[in-house]
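Following: one structure in structure tokens, then a few remarks.
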Amino acid sequence: MAQKRYTIEVEKAKEAKDGRPSMGPVYRSVFAKDGFPPPIPGLDCCWDVFRISVEKYPRNPMLGRREIVNGKVGKYVWQTYKEVYDIVVKLGNAVRSCGFGEGDKCGIYGANCPEWIMSMQACNAHGLYCVPLYDTLGAGAVEFIINHSEVSVAFAEEKKIPELLKTFPSTTKYLRTLVSFGKVTPEQREAVEKFGLRIYSWEEFLQLGNNKDFDLPVKKKSDICTIMYTSGTTGDPKGVMISNESIISLLTGVRRLLESVNEELTQKDVYLSYLPLAHIFDRVIEELFILHGASIGFWRGDVKLLLEDIGELKPTIFCAVPRVLDRVYSGLTQKISSGGFLKKTLFNVAYSFKYYNMRKGHKHVEAAPICDKVVFSKVKQGLGGNVRLILSGAAPLATHVEAFLRVVTCAHVLQGYGLTETCAGTFVSLPNELPMLGTVGPPVPNVDVCLESVPEMGYDALAEVPRGEVCVRGSTLFSGYYKREDLTSEVMVDGWFHTGDVGEWQADGSLKIIDRKKNIFKLSQGEYVAVENLENIYGLVSDIDSIWIYGNSFESFLVAVVNPNQQALERWAEENQISGDFKSLCENPKAKEYIIGELNKIAKEKKTKVSSFIEPLETFPDDGRCSLQLKGFEVIRAVHLDPEPFDMERDLITPTYKKKRPQLLKYYQNVIDNMYKEGNKPRA
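In our numbering, the protein residues as written are 1 to 684.
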């Protein structure tokens, strides 16, 4: 299939040889047709990103949080770039006065806040490896990461100090100093000092840096900046070593991309920091904002208050994971459905008109300006009124949700793809390109990409429609897994990082992620099942929120655990005169039959509509991307309905909402056994 418009071919395909599968042609972004973006002068490390911006924009507001006055939340209060710099200098001097320096490991544990960024910048300044710890991690995972990376000094949110203390005495082999972002209780001080460690409140630690002046080490591009641990879907977390060069290369590539589509960042841009800074997605976005002298405001840490924080901050760029955008979509569709016949009709007409014009190739700002002003402006105000870019990452965003938000938010909604090992952004869809719905767009302009055939799954990188494992090459790649050269050599082959994700090139040069190479199993009849692809398809059922599909080589059919949508199931129960609360409905055999019926409908359909509640919409063009016909063995025969969403508390998903399949199997083993027991009974 010829690539056009948004990618260029830089190397020819390679047939299979030496036991390796065949590889398709190598492509890069059309925005890099004259070569990758050159390095930014004077930018050799992450510290330079911050230092140069302080010199350029000393009075610009940098970090903001909402003030609390008499117990009531108020406006955002800001610290300028120069004010933050002065605190970072003190922090760095305090770290050095405690005996820590270049090459030491510094843990940061807690929710996003100004102190998190300041601690990270102190690490950048003095060459310490920053080791972020997800604030959702429990003591067990924190203990593993501290011991594995040999963290010697750790900064922590005040309420996370007790969690750190739970890792004692195991971690005291490496830990020497703890710093709270807030205060320290006498009991905590006693517990820490009992093991010969030191603990400081934030203010105490800053005072250690007064009247001190340590020279900064010379930092190279190749130096490791951070060891970022992956969530660990199949085992212990892996420490991904990321260099200064990886982050700086990513920043230059994204800057080239935004300039190429006339959406470059400026010092006037505002970002809401709520996605975990311990994840590479948010880390590089915030570095990008710092590079441009822009402003970063922090949420209060409560998802229920997120929209209120957005309304106060009025961000211009909004980054999200699909679960957040799914909630926005569900909330909006619910309001529309319950808004009365007139409002609903007006919305549907406006939606269909604007969507039709966008399909015709009109830019979203030109597609229906009157509809934007009269109908969709309320949605825009719900996101603060200033959002111009919404970027979704970390997991696939449902196509109907992406299409809906592209129309109603009056903003560009872009879907990106990347891994910790590729320093986040590797692909991103482009503004005003509606045909890219359901894809992650073309590569960013600082990487090369190719597909490698996966014969055992039937994916051929040399076919007319190329499909295969996504492989990435470029200076954004990680420097290896910490203390795991064996794992590094498995995924790095001849300079190519093998992502484990299966992609399909589209005719315009964008990529669609269609499967996961490792999430494949064989049924008893010898048929292979690519489970992630199936979950994406069955996930289109509007009456479910999430689905986990299971099968094994001892059984001939598939079963699934489903989180049904509460409103949809209760509406079905009311229509069918079935009583009971949500939990009891999930246990009702008729409800299970209903959900299986909805899943089977999707299995038989060839196309799906953009939105289940808007009737006038056209279906997607028949370009092969919406073909959902499944083979007989891919049909789900039994389901268990769980009213509780898959969550981190039960260790069923990662902090980025990826399913932890071994843990799901362990948790639902009895349920799985019962479904197979019932499913294998002779039918009357």
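Glycine included, every Cβ here is placed at the ideal spot set by N, Cα and C.
Asked	Found
Run of the beta strand (DSSP E) containing Glu11, from where it starts to where it stops	Thr7 to Glu11
Assigned exposure category for Gln506 - 16 Cβ within 10 Å defines buried	buried
Reduced DSSP category for Val693 - H, G, I as helix; E, B as strand; rest coil	Past the edges of the chain, shown from 1 to 684, lies residue 693, and the structure says nothing about it.
Three-way DSSP call (helix, strand, coil) for Gly140 in this model	helix
Among Phe427, Leu397, Ser249 and Cys471, the one whose alpha carbon lies nearest that of Gly438	Leu397
C-beta atoms of Cys450 and Ser246 nearer than 8 Å	no
Whole-number beta carbon distance between Ser22 and Lys14, since they are thought to touch under 8 Å	6 Å
Nearest-angstrom Cβ-Cβ length linking Glu490 and Cys471, presumed shorter than 8 Å	The Cβ separation is near 13 Å, so there is no contact.
Test item: CB-CB of Met118 and Leu91 under 8 Å	yes
Those residues which DSSP pairs with Trp687 across a bridge	Here the chain has residues from 1 to 684 only, and residue 687 is not among them.
Cut-off 8 Å between Cβ atoms - residues of its own chain near Lys221, not counting five sequence neighbours on either side	Asp44, Cys45, Ser243, Asn244, Glu245 and Ile248
Gly107 in three-state terms, based on DSSP	strand
Between the CA atoms of Asn565 and Leu585 - distance to the nearest angstrom	12 Å
Extent of the continuous beta strand (DSSP E) run through Met228	Ile224 to Tyr229
Closest Cα partner of Leu257 within the set Ile672, Val444, Leu511 and Thr7	Val444
Residues that Ile544 bridges to, as DSSP identifies them	Pro564
Of the listed residues Asp236, Leu599 and Val465, nearest to Gly24 (C-alpha basis)	Val465
Test item: CB-CB of Val153 and Thr171 under 8 Å	no
Any 3 or more C-beta pairs closer than 8 Å across the stretch 651-665 and the stretch 593-603	no
Range covered by the beta strand (DSSP E) that runs through Thr426	Ala424 to Val428
Beta-ladder partner(s) of Val502, from DSSP	Glu469 and Asp515
Neighbourhood of Asp460 by C-beta distance below 8 Å, restricted to the same chain and skipping five residues each side	Ser22, Ser453, Pro466, Arg467 and Gly468
Boundaries of the alpha helix (DSSP H) in which Gly679 is found, first to last residue	Gln669 to Gly679
Residue environment, Lys677, which counts as buried when at least 16 other CB atoms sit within 10 Å	exposed
Distance between Ala394 and Pro322 (C-alpha atoms, nearest Å)	8 Å
Limits of the unbroken alpha helix (DSSP H) element including Gly331	Pro322 to Ser337
Per-residue DSSP class, three states only, for Lys592	helix
Cβ pair Glu163, Val142 closer than 8 Å	yes
Simplified DSSP assignment, three categories, for Tyr81	helix
Contact under 8 Å by Cβ, Arg484 with Lys82	no
Beta-carbon proximity of Tyr755 to Gly297, cut-off 8 Å	The chain is shown from 1 up to 684; residue 755 falls before or after that span and cannot be answered.
Among Lys378, Gly441, Ile227 and Val270, the one whose alpha carbon lies nearest that of Glu504	Gly441
Pick from Gln669, Asp673 and Arg28 that is closest to Ser510, judged by C-alpha positions	Arg28
Euclidean distance between Cα positions of Lys512 and Trp572	34 Å
For Glu421, the nearest candidate out of Leu523, Cys113, Thr499 and Thr266 (CA to CA)	Thr499
Close beta carbons around Ser553, own chain, < 8 Å, minus the five adjacent residues each side	Phe521, Lys522, Leu523 and Ser524
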